[in-house]
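Trainee: The opening position of the sequence shown corresponds to residue 634 in our numbering, with each subsequent residue numbered one higher.
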Amino acid sequence: MRDQKNSNLSDNITLKEAQTRARKLRKILDKARFAYHVLDKPIIDDAVNDSLKNELEELERKFPELKTPDSPTQRVGGEPLAKFKKLAHQKPMLSLDDAFSFDELQDWENRNKRFLKNKEKFSYFAEVKVDGFAVSLVYENGKLVYGATRGNGKIGEDVTLNLKTIESIPFVLRQESKYYRQVSRGRFEIRGEVYMSAVAFKKLNKERQKKDLPLFANPRNAAAGSIRQLDSRIAASRELDFFAYDIIGNLNINTHHETHQIAKDLGFKVIPFNRICENLNEVVNFKKFLDKKRKKLNYWIDGVVVLVDDLKTFQILGVAGKSPRGMIAYKFDPEEVTTILEDVVFNIGRTGMVNPVAILKPVLIAGTTVSRATLHNEDQIKKLDIKIGDTVVIVKAGDIIPKVLNNIKDLRPKNAREIIFPRTCPGCGGKLEKKGAYWYCQDKNCFVIKKRALGHFVSRGGFNIEGLGPQILTALMEQGLVKIPADLFDLRESDLEPLERFAQKSSANLVKSIQGKKKIDLGRFLYSLGIRHIGEQTAIDLANNFKTLERIKNASLDDLNRVENIGTIVAESVYEYFHDKNKLKDLGKLLKKVQIVENTVKKSKITGESFCITGSLDSMSRDQAKAKIRELGGQWRSDVTEDLSYLIVGREPGSKLAKAEKLIVSSHSGPAGEKSQPPHHPKRSIPSHSGLVSGSVPKIISEKEFLELIK
Ligand code: IVH
């Protein structure tokens, strides 16, 4: 349709008219590119952008003489290259020294102060260190002429065609910029990092896995691998992006941070939260800030690049070996490290599941010292062929529980010992039985299972009783005061006072806190029971569907299976629980002590809709939002999936946003999107998004829109 319309548009056009029209179209398209990629404030709709581009292509087809290398239609080249040309850098592309601790950073500053004979007071510019691939772009008379890899620092490879597929790299410097005149005569060089977004990286690896191709270890390798493709159509399909961080040449400025402002003004994307730091303490704070922020970013970062902001001082400091003295990479603690597996112990969970736990030679990882990590299950241990004494790879990213990821078998010592999986419960000696990949203790009276079950019962999502940590629960159980959850409600001050660490006041407080929690809604009650596979949301789904405990108890497997979001495994688990004589006996006792109230769910606009949040909200906490959504009959989700109804975007959104955008884009791209056109940047769909959504994709809404929905 659109093609047809455009060809009509250009049907009776003269060359002269076409020339004027093409010039105007290019100008608008470039403005839109700048607004979208650099300013992050789109000015035209995705579909409009496409349509204008189509019209320009049509004009260029009709009048090939209008085609210029810097036309926005020229992002993807034609045939693959035979090989890359070599290009010499006008100024070497250096590398950076690393600092991993504050001491190393301080040493660096001291060295520089000595070098400058203690004269200088330094101000720094601290930049996000993106985990990507350094490239250099050369413009002549304001137009991109070539782009090269770093190579050996002196000579790189000409990867111009691949770099041209990256939409955030401008073909022409921005003429509206106040620096344009200064940089558009002769040669202008800009350097920066080509990177792949976290979402694109994940998607690429998923596709490669399906095709049995080797996976990329990180986005840096993926970006490098994509830029070093001889066929630019491959690079174009890889969704690469670019951040600028340096300009080579004399700009008449005094500080490095101005370089970033100029780069941005000339049309390049720069990292928005780089900052000036007056001293190293501020650098440390910036690094801490980034370390917290990094999991929310849609690209991987591995530290902070710190440099002396004053250019003259930077120049005087010069180069030592291959690295500038005035600059250093202050790296985050690694999230993956190797260490020695010293032993394996076996923990029992609340459902009786046996969890093998690795006891490790302590290592620093992602900011904490780790000496234990999960080994999942027996099958996993066998698959990785792990023995005690092996050197293992541990991963811990952010809040996740450290786990053993891999095993470097070549480093196995001669005396490595077999890991012997227990065949009886390490807690009570009871019989173990295998279900799926996991072993479970079958003893109904296992002390450890009971303790874990009690811990779950009083946890935040359940009865939410404060002051009942594992040690106190153990003490209560060892004294025979508590065997099952119902017993908690019979505790009196006089029972607790004789116990170690229980003063009169804390006894009174605990009893009061328990008694204050006797009334509970059905969802929390179900969760507190610790039924296998029943998390907070499933418990609420069951509660909302059946309304009373009696109905859930009496539900047939079919009844349970019919509930939305409840699959066979969950249904079976619930059914089994309510048909277990022992469980029912304990439940009966508990029901005499507590009062279950129906989950108060109002019918509302959001009944049946599911919500997920990225970033933080101004008007309420995440827990409050969760409660409100549930109260109105909505569902809370922790992740973005195709069937999610709404993604609420708060302040500083994370990778969930990109994930949702991705789903929206893929739901829009029909066969038309499979033409050999450059891929759309995922964000492109945002402006045109509202109202366009068809089928099952999440709708992206702001906090304001969310508040409107729940009003
Ligand atoms: S400045 C002398 N700034 O880190 C090198 N590099 O370890 C000047 N990198 O090769 C580089 N983000 O690939 C600089 N904001 C940033 C960076 C950055 C990532 C990479 C770059 C460089 C490597 C040095």
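Ideal placement from N, C-alpha and C gives every residue a C-beta, glycine not left out.
These figures come from a predicted structure and were not determined experimentally.
1. Taking the alpha helix (DSSP H) that R666 belongs to, which residues open and close that run?
2. Would you verify that the beta carbon of S1206 is, or is not, closer than 8 Å to some beta carbon of chain C?
3. Please list the terminal residues of the continuous alpha helix (DSSP H) segment that includes T1107.
4. Using CA atoms only, rank isn't needed, just tell me which of L974, V970, I973, A991 is closest to N980.
5. Would you mind giving the Cβ-Cβ distance between D935 and D730, rounded to the nearest angstrom? I have them listed as a contact below 8 Å.
6. Measuring CB atoms only, is the segment 833–848 touching the segment 806–821, in the sense that at least three cross pairs come out at less than 8 Å?
7. Does DSSP put Q894 in a helix, a strand or coil?
8. Could you give the distance in angstroms between the alpha-carbon of L714 and the alpha-carbon of I1053?
9. Could you check the C-alpha separation between Q1228 and K1151 for me, to the nearest Å?
10. Hey, would you say the C-beta of E826 is under 7 Å away from at least one heavy atom of the ligand IVH?
11. Does the ligand IVH have even one heavy atom less than 7 Å from the beta-carbon of G765?
12. Rounded to the nearest angstrom, what separates P1315 and C1245 at their Cα positions?
13. What does a CB cutoff of less than 8 Å around K1225 pick up in its chain, not counting 5 residues either side in sequence?
14. Return yes when the Cβ of Q1112 is within less than 8 Å of the Cβ of L1132, no when it is not.
15. In the structure shown, what three-state DSSP assignment does W1269 receive?
16. Taking only heavy atoms of the ligand IVH into account, decide whether any of them is closer than 7 Å to the Cβ of M960.
17. Just to confirm, are G1283 and E1336 a CB contact at a threshold of 8 Å?
18. What residue range is occupied by the uninterrupted alpha helix (DSSP H) comprising K964?
19. Tell me, which residues are paired with I880 by DSSP?
20. Quick one: is H670 buried, meaning 16 or more other Cβ sit within 10 Å of its Cβ, or exposed?
21. How would you label I880, buried or exposed, when you count the other beta carbons within 10 angstroms and need 16 or more for buried?
22. Spatial neighbours of Q652 within its chain, please: CB distance less than 7 Å, with the 5 preceding and 5 following residues excluded, ordered by chain position.
23. Rounded to whole angstroms, what is the Cα-Cα separation between G711 and L794?
24. Is K762 near the ligand IVH - that is, is its Cβ less than 7 Å away from at least one heavy atom of it?
25. For the structure I just gave you, are there three or more beta carbon pairs, one from the segment 1163–1175 and one from the segment 1198–1206, closer than 8 Å?
26. Please state whether the Cβ-Cβ distance between T1247 and L1296 is less than 8 Å.
27. With a threshold of 8 Å, are at least 3 pairs of Cβ atoms found where one atom belongs to the segment 824–833 and the other to the segment 926–934?
28. Can you tell me which of I998, P1286, K921, T1233 puts its alpha carbon nearest to the alpha carbon of V761?
29. At what residues does the beta strand (DSSP E) containing S1243 begin and finish?
30. Please tell me whether, using a cut-off of 7 Å, the distance from the CB of P957 to the nearest non-hydrogen atom of the ligand IVH is below it.
31. Starting from the C-beta of E1066, find all residues in its chain whose C-beta is less than 8 Å away, skip the five residues before and the five after it, and write them out in chain order.
32. Is it true that the CB of A1049 sits closer than 8 Å to the CB of I1027?
33. Tell me which same chain residues have a C-beta within less than 6 Å of the C-beta of K776, skipping the five on either side of it?
34. Run the CB neighbour count on F1217, radius 10 Å, all protein chains shown included, and call it buried at 16 or more, exposed below.
35. Indicate, with yes or no, if the ligand IVH has a heavy atom lying under 7 Å from the CB of L1223.
36. Using only the heavy atoms of the ligand IVH, determine whether one of them is closer than 7 Å to the beta carbon of D879.
Mentor: Answer, in terms of the structure:
1. By one-based count along the sequence shown, residue 666 stands at place 33. Residues 648–666.
2. Absent from the structure: chain C. Only one protein chain is present.
3. Walking along the sequence shown from the start, residue 1107 turns up at place 474. Segment 1103–1111, the alpha helix (DSSP H) holding T1107.
4. In the sequence shown, counting from the first residue as 1, residue 980 sits at position 347. For N980, the nearest C-alpha among the options comes from A991.
5. Counting from 1 along the sequence shown, the entry for residue 935 is found at position 302. Counting from 1 along the sequence shown, the entry for residue 730 is found at position 97. Between D730 and D935 the Cβ distance is about 14 Å, and since that is not below 8 Å, they are no contact.
6. no
7. Working through the sequence shown from its first residue, we reach residue 894 at position 261. Q894 falls in the helix class under three-state DSSP.
8. Locating residue 714 in the sequence shown gives position 81, counting from the first residue. Locating residue 1053 in the sequence shown gives position 420, counting from the first residue. Their Cα atoms are separated by approximately 56 Å.
9. Your numbering for residue 1228 matches position 595 in the sequence shown. Your numbering for residue 1151 matches position 518 in the sequence shown. Cα to Cα, Q1228 sits roughly 6 Å from K1151.
10. Here residue 826 refers to the residue found at position 193 when the sequence shown is read from its first residue. Yes, the beta carbon of E826 sits closer than 7 Å to at least one heavy atom of the ligand IVH.
11. For the purposes of this step, residue 765 is identified with residue 132 of the sequence shown, where counting begins at 1. For the ligand IVH, at least one heavy atom lies less than 7 Å from the Cβ of G765.
12. Position 682 of the sequence shown, counted from the start, is the residue given in the question as residue 1315. Position 612 of the sequence shown, counted from the start, is the residue given in the question as residue 1245. Confidence at P1315 is low in this model, with a pLDDT of 35, below 50, so the placement of that residue is unreliable and no value is reported for it.
13. For the purposes of this step, residue 1225 is taken as the residue at position 592 of the sequence shown. Around K1225, the same chain offers A1119 as residues with beta carbons nearer than 8 Å, after the five sequence neighbours per side are excluded.
14. To locate residue 1132, count along the sequence shown from 1; it is residue 499. To locate residue 1112, count along the sequence shown from 1; it is residue 479. Against a cut-off of 8 Å, the Cβ pair of Q1112 and L1132 comes out as a contact.
15. Working through the sequence shown from its first residue, we reach residue 1269 at position 636. Strand, per DSSP.
16. Position 327 of the sequence shown, counted from the first residue, corresponds to residue 960. Because some heavy atom of the ligand IVH lies under 7 Å away, the Cβ of M960 counts as near it: yes.
17. Within the sequence shown, residue 1283 is the residue found at index 650, counting from 1. Within the sequence shown, residue 1336 is the residue found at index 703, counting from 1. Yes, Cβ-Cβ distance for G1283 and E1336 is below 8 Å.
18. To locate residue 964, count along the sequence shown from 1; it is residue 331. Note, K964: premise wrong, no alpha helix (DSSP H); beta strand (DSSP E) at 960–964.
19. In the sequence shown, the residue the question calls residue 880 occupies position 247. DSSP, once it has assigned bridges, lists I823 as partnering I880.
20. One-based indexing of the sequence shown puts residue 670 at position 37. Flag for H670 reads buried.
21. The residue labelled residue 880 in the question sits at position 247 within the sequence shown. Its Cβ being crowded by 16 or more others within 10 Å, I880 is buried.
22. Taking the sequence shown and counting its residues from 1, one reaches residue 652 at position 19. Closer than 7 Å at Cβ, skipping near neighbours: L699.
23. Taking the sequence shown and counting its residues from 1, the one referred to as residue 711 is at position 78. Taking the sequence shown and counting its residues from 1, the one referred to as residue 794 is at position 161. So the two alpha carbons sit approximately 9 Å from each other.
24. By 1-based counting over the sequence shown, the position of residue 762 is 129. Yes; taking the cut-off as 7 Å, the Cβ of K762 has a heavy atom of the ligand IVH nearer than that.
25. yes
26. Translated into positions along the sequence shown, residue 1247 becomes position 614. Translated into positions along the sequence shown, residue 1296 becomes position 663. No.
27. yes
28. As a working note, residue 761 is residue 128 in the sequence shown. If we check each option's Cα against that of V761, K921 comes out closest.
29. Here residue 1243 is taken as the residue at index 610 of the sequence shown, counted from 1. It spans 1243–1247 - the beta strand (DSSP E) in which S1243 sits, taken as one unbroken run.
30. Counting from 1 along the sequence shown, the entry for residue 957 is found at position 324. Yes, since a heavy atom of the ligand IVH falls inside the 7 Å radius drawn around the Cβ of P957.
31. For the purposes of this step, residue 1066 is taken as residue 433 along the sequence shown, with counting starting at 1. Excluding positions up to five away in sequence, the list reads W1072, Y1073, Q1075.
32. Along the sequence shown, read from residue 1 onward, the residue named residue 1027 stands at position 394. Along the sequence shown, read from residue 1 onward, the residue named residue 1049 stands at position 416. Contact flag unset, no.
33. Translated into the one-based positions of the sequence shown, residue 776 becomes position 143. Within the same chain, K776 has close Cβ partners D703, V805.
34. If you number the sequence shown from 1, residue 1217 lands on position 584. The residue asked about is misnamed: residue 1217 is Leu in this sequence, not Phe. L1217 is exposed by the Cβ-count criterion.
35. As a first step, residue 1223 must be located in the sequence shown, where it is residue number 590. Answer for L1223: no, Cβ out of range of the ligand IVH.
36. In the sequence shown, the residue the question calls residue 879 occupies position 246. For the ligand IVH, at least one heavy atom lies less than 7 Å from the Cβ of D879.
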